[in-house]
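J.: Those protein sequences? They're chains A and B, same order as listed.
Each residue of the first sequence is one higher than the one before, starting from 1414 at the first, in this note's numbering.
Each residue of the second sequence is one higher than the one before, starting from 13 at the first, in this note's numbering.
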Amino acid sequence: MTVQYSELIQPERVHGSLYTDPSIFAEELERIWYRTWVCVGHVSEVARPGDYVRKNVAAQDVIMTRSADGEVGLLLNRCAHRGNLVCEDRRGNSSSFRCPYHGWTYRNTGELLGYPYNQGYGGKNKLELGLGRVPRVDIYQGFVFASFAAEGPTLKEHLGAAAGELDRLARLSPEGEVELTAGWLRHRAKANWKLLVENETDGYHPQFVHGSVFSVTGSPIGALYSDKSTAVTRDLGGGHSENDLRPEFRRAARPMGWFGTSEARVPDYVAKMRALHGEQAEEILIEGAPHVMVFPNLFIAEISVFTIQPTAVDETVQNVTAVQLKGAPEMNRRLLSQCVGSVGPAGMLLADDSEMYERNQRGMAARRPEWLDIRRGVGRERIDENGFRIGAANDETGMRGFWAHYRGLMEEGAAQ
Amino acid sequence: MSSLEPGEIERFLYREARLADEHDYDGWEALWTDDALYWVPAGGPDVDPESQMSVIYDNRSRIRTRISQLKTGKRYSQSPPSNMRRLISNVEVVAVEGTDTVAEANFVLVESRERGTTLWSGRATYRLRRVEDDIRLAYKKVVLVNSAEALSTLAFLI
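Here it is, written out as structure tokens:
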């Protein structure tokens, strides 16, 4: 039976089966994960020629490589002979990959270099085989994206307005570059991937789910999402959304306030930024980092970068690392320390988010009332000066934007 | 005589395990010295915690925050708390340094909560310090056997 996405996804509610039906998950893999642009990592993870690191695009095991001429590529981890894994280590440096099963060897650009006892194939260089390659690879601000569709929107088109948020993150570096060199925590949740995506720019939950840590640390984060907050939730189009906290940061007008610190604590960094940006440095230092969900799997929460990897209809791995700013060692130590305290399996924030995802997944097994409600703030949305739909700090504007784009992709996929 | 007797070490490790298993947060926190370091590496046993992500990398102040959060009753990943028991075995003293004794031990921990039953295991390194008539914990590093894999939520005291 064909799934009618227009019935399951309505303006103010979505059907529970979208999170629990294995056949919908299978369709999502084809129509979203193996079609649109998915973030796999960052160029700084393969800084030198020969560097490689294993990554995933949903269930696809992918090797991100840096070739001798400096190109970043994405190879599928599957020998062209009998389908064995050609790369077992999580990371390393090598100009080639050798399948342990029958010794077939590939260059780190995917071409077949050789196969033992070659007379069985009529001699050397007789086989037109190689490792599979992700058809399209593109990079924006160092973030590496993969698309399994040979044709379709460009990465720039896919990112749309979200590109500006990646720019905003990069400009926090005195050298204009983010580096993801702190390694990744991998956190498994027994929950559908869309619960994670929806939560990332849900400004309604922090005061409740994270009240425990806000109360013991005196963190001001909760107030950013209160009913009195001037922050906004923005539908950036293309399924992307953000919690734009800048109105609150501008109101406070404290350089480094966004990071919960003061300029006196990071004098070298602030001096470098002022030397580089002149008067514009104040705006950058006050407004800080973005809080943006880039469809379908890249989430930047100010100091942390997440990639979301669906592994089953009811299981998702959230990979997370600390933002590191090139040329800012003083900041990087602090960014790492705050990030480690907050995220991952034991993180004082993310462990509780993850608990909610898992309880959510179990709750949805109940047959009534069937629907999940996403109407919060519908009556008070407005269009901002750039034409984007915005809601209050704790409205579900981002979720509605996600679902509109999701529905479009799932319906287009059905038509093909 | 600054070093600890083998029996003394094991009694301490068993007590620390019981306090953690039974969510005796105050009792567990009181074991730590002021220069405490509580570390659960990710991605392997010897990843540099000053430059790389860890599952837990708490100094004394952050241990206090972690415990305070648990005690609010609204740390939902431990509210309700996991039911759990751990076995400690293969205890070996690896160094004696002044008033400190460094010991290692294997553990197997069974955690039960609504998500299901999770088996955790690894090897822990403890730096134990004699402070007057008492023993305190200055350092605990827990290397999970699956530290390189994706982990379930681990919000209890390990």
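Glycine residues also receive a C-beta, built at the ideal position from the N, C-alpha and C atoms.
What you are looking at is a predicted structure, and each value in this text was computed from that prediction instead of being measured.
(1) Mind checking which residues open and close the alpha helix (DSSP H) that includes A:Val-1683?
(2) Which of the three DSSP states, helix, strand or coil, is assigned to A:Glu-1743?
(3) In or out: B:Thr-113 buried (at least 16 other Cβ within 10 Å) or exposed?
(4) Using a 10 Å radius around the Cβ and a threshold of 16 neighbouring Cβ atoms, would you call B:Ile-68 buried or exposed?
(5) Distance cutoff 9 angstroms, beta carbons only. Does B:Glu-22 sit that close to anything in chain A?
(6) Can you find a C-beta in chain B that's less than 9 angstroms from the C-beta of A:Thr-1594?
(7) Pull out every residue of the segment 23–40 of chain B whose Cβ sits closer than 8 angstroms to any Cβ of chain A, in chain order.
(8) Any contact of the segment 1699–1707 of chain A with the segment 1652–1664 of chain A, i.e. 3+ C-beta pairs under 8 angstroms?
(9) Do you know how far the Cα of A:Lys-1468 is from the Cα of A:Ser-1507?
(10) What is the DSSP secondary structure of A:Ala-1481, counted as helix, strand or coil?
(11) Can you find a C-beta in chain A that's less than 9 angstroms from the C-beta of B:Gly-19?
(12) Can you have a look at A:His-1818 and say buried or exposed, based on whether 16 or more other CB atoms are within 10 angstroms of its CB?
(13) Does A:Met-1761 come out as helix, strand or coil in the three-state DSSP assignment?
(14) Apply the 10 Å Cβ neighbour rule to A:His-1571 and answer buried if 16 or more other Cβ atoms are within range, or exposed otherwise.
(15) The alpha helix (DSSP H) that contains A:Ser-1625, what's its start and end?
(16) Starting from A:His-1653, trace the beta strand (DSSP E) in both directions and tell me its first and last residue.
(17) Excluding the 5 residues preceding and the 5 following A:Tyr-1530 in the sequence, name in chain order all residues of the same chain whose CB lies nearer than 6 angstroms to its CB.
(18) Determine the burial state of A:Asn-1538: buried for a count of at least 16 other Cβ atoms within 10 Å of its Cβ, exposed for fewer.
(19) To the nearest angstrom, how far is the alpha carbon of B:Leu-163 from that of A:Asp-1482?
(20) Looking only at its chain, what residues have a beta carbon closer than 8 angstroms to the beta carbon of B:Met-13, apart from the 5 residues adjacent to it on each side?
(21) Against chain A, does B:Met-96 count as a neighbour if the rule is that its beta carbon must be under 9 angstroms from one of theirs?
(22) What is the DSSP secondary structure of A:His-1494, reduced to helix, strand or coil?
(23) Taking buried to mean at least 16 other C-beta atoms within 10 Å of its own C-beta, is A:Val-1485 buried or exposed?
(24) Among the residues of its own chain, which have a CB less than 6 angstroms from the CB of A:Val-1756, if the five just before and after it don't count?
(25) List the whole-angstrom C-beta distance separating A:Phe-1719 from A:Phe-1712, where the pair is believed to meet the contact cut-off of C-beta under 8 angstroms.
(26) So, helix, strand or coil for A:Gln-1751, using DSSP?
(27) If you follow the alpha helix (DSSP H) that B:Arg-24 is in, where does it begin and where does it stop?
(28) Using the three-state DSSP reduction, which class does A:Leu-1608 fall into: helix, strand or coil?
(29) I want to know whether the segment 1733–1752 of chain A touches the segment 1618–1626 of chain A - three or more CB-CB distances under 8 angstroms.
(30) Going along the segment 1591–1618 of chain A in order, which residues come within less than 9 angstroms of chain B, judged by CB to CB distance?
(31) Could you tell me the alpha carbon to alpha carbon distance between A:Gly-1811 and A:Ser-1654, rounded to whole angstroms?
(32) Could you check if A:Gly-1814 is buried or exposed, using at least 16 other CB atoms within 10 Å of its CB as the buried criterion?
(33) Do A:Gly-1523 and the ligand NAP come close, with the Cβ less than 8 angstroms from some heavy atom?
T.: Considering the structure as presented:
(1) Indexing the first sequence from 1 puts residue 1683 of chain A at position 270. From DSSP, the alpha helix (DSSP H) with A:Val-1683 extends over 1680–1690.
(2) The residue you call residue 1743 of chain A lines up with position 330 of the first sequence. Shown here, A:Glu-1743 sits in a helix according to DSSP, grouped into three states.
(3) Along the second sequence, read from residue 1 onward, the residue named residue 113 of chain B stands at position 101. B:Thr-113 is buried by the Cβ-count criterion.
(4) Along the second sequence, one-based indexing puts residue 68 of chain B at 56. That one is buried.
(5) The residue you call residue 22 of chain B lines up with position 10 of the second sequence. No, B:Glu-22 lies away from the interface with chain A (no Cβ there is under 9 angstroms from its Cβ).
(6) Within the first sequence, numbered from 1, the residue matching residue 1594 of chain A stands at position 181. Closer than 9 angstroms: yes.
(7) Contact annotation: in the segment 23–40 of chain B, no residue has its CB less than 8 angstroms from a CB in chain A.
(8) Touching, per the Cβ criterion.
(9) Locating residue 1507 of chain A in the first sequence gives position 94, where the first residue counts as 1. Locating residue 1468 of chain A in the first sequence gives position 55, where the first residue counts as 1. Our two residues, A:Ser-1507 and A:Lys-1468, have alpha carbons roughly 16 angstroms apart in a direct line.
(10) As a position in the first sequence, residue 1481 of chain A is number 68, starting the count at 1. Here A:Ala-1481 sits in coil by DSSP.
(11) As a first step, residue 19 of chain B is located in the second sequence; it is residue number 7 there, counting from the start. For B:Gly-19, the answer is no, since every Cβ of chain A falls outside 9 angstroms of its Cβ.
(12) For this step, residue 1818 of chain A is matched to residue 405 along the first sequence. By the 10 Å Cβ count, A:His-1818 comes out buried.
(13) Translated into positions along the first sequence, residue 1761 of chain A becomes position 348. Residue state, collapsed to three classes: coil.
(14) By one-based count along the first sequence, residue 1571 of chain A stands at place 158. The C-beta of A:His-1571 has 16 or more other C-beta atoms within 10 Å across all chains shown, which makes the residue buried.
(15) Against the first sequence, residue 1625 of chain A aligns to sequence position 212. Where A:Ser-1625 is concerned, the enclosing alpha helix (DSSP H) stretches over 1624–1630.
(16) Here residue 1653 of chain A refers to the residue found at position 240 of the first sequence. Per DSSP, A:His-1653 is one residue of the beta strand (DSSP E) stretching across 1653–1657.
(17) Translated into the one-based positions of the first sequence, residue 1530 of chain A becomes position 117. In the same chain as A:Tyr-1530, and ignoring 5 residues on each side of it, no C-beta atom comes closer than 6 angstroms to its own.
(18) If you number the first sequence from 1, residue 1538 of chain A lands on position 125. By the neighbour-count rule (16 or more Cβ atoms within 10 Å), A:Asn-1538 is not buried but exposed.
(19) Taking the second sequence and counting its residues from 1, one reaches residue 163 of chain B at position 151. Taking the first sequence and counting its residues from 1, one reaches residue 1482 of chain A at position 69. A direct Cα-to-Cα measurement between B:Leu-163 and A:Asp-1482 gives close to 36 angstroms.
(20) Along the second sequence, one-based indexing puts residue 13 of chain B at 1. Confidence in B:Met-13 is poor, its pLDDT being 45 and thus under 50, which makes the residue's placement too unreliable to answer from.
(21) Within the second sequence, numbered from 1, the residue matching residue 96 of chain B stands at position 84. Taking a beta-carbon distance threshold of 9 angstroms, B:Met-96 does not count as an interface residue toward chain A.
(22) Here the question's residue 1494 of chain A lines up with position 81 in the first sequence. Coil at A:His-1494, not helix or strand.
(23) As a working mapping, residue 1485 of chain A is identified with position 72 in the first sequence. Counting C-beta atoms within 10 angstroms of its own C-beta, A:Val-1485 has 16 or more neighbours from the protein chains shown and is therefore classed as buried.
(24) Your numbering for residue 1756 of chain A matches position 343 in the first sequence. The residues are Ser-1717, Val-1733 and Leu-1763.
(25) Mapped onto the first sequence, residue 1719 of chain A falls at position 306. Mapped onto the first sequence, residue 1712 of chain A falls at position 299. Contact holds; Cβ gap of about 4 angstroms.
(26) Walking along the first sequence from the start, residue 1751 of chain A turns up at place 338. Residue state, collapsed to three classes: helix.
(27) Within the second sequence, residue 24 of chain B is the residue found at index 12, counting from 1. Going by the sequence as given, residue 24 of chain B is Phe instead of Arg. Looking at the DSSP string, the run of the alpha helix (DSSP H) that includes B:Phe-24 is 18–33.
(28) On the first sequence, residue 1608 of chain A is found 195 positions in, with the first residue counted as 1. Residue state for A:Leu-1608 is assigned as helix, using DSSP reduced to three classes.
(29) Counting Cβ pairs under 8 angstroms, fewer than three are found: no touch.
(30) Of all residues in the segment 1591–1618 of chain A, Thr-1594, Ala-1595, Gly-1596, Trp-1597, Leu-1598, Arg-1599, His-1600, Arg-1601, Ala-1602 and Lys-1603 have a Cβ within less than 9 angstroms of some Cβ in chain B.
(31) By one-based count along the first sequence, residue 1811 of chain A stands at place 398. By one-based count along the first sequence, residue 1654 of chain A stands at place 241. Inter-residue distance for A:Gly-1811 and A:Ser-1654 is about 5 angstroms (C-alpha atoms, whole angstroms).
(32) Here residue 1814 of chain A corresponds to residue number 401 of the first sequence, with the count starting at 1. By the neighbour-count rule (16 or more Cβ atoms within 10 Å), A:Gly-1814 is buried.
(33) Questions concerning the ligand NAP fall outside what the structure shown contains, since it holds no ligand whatsoever.
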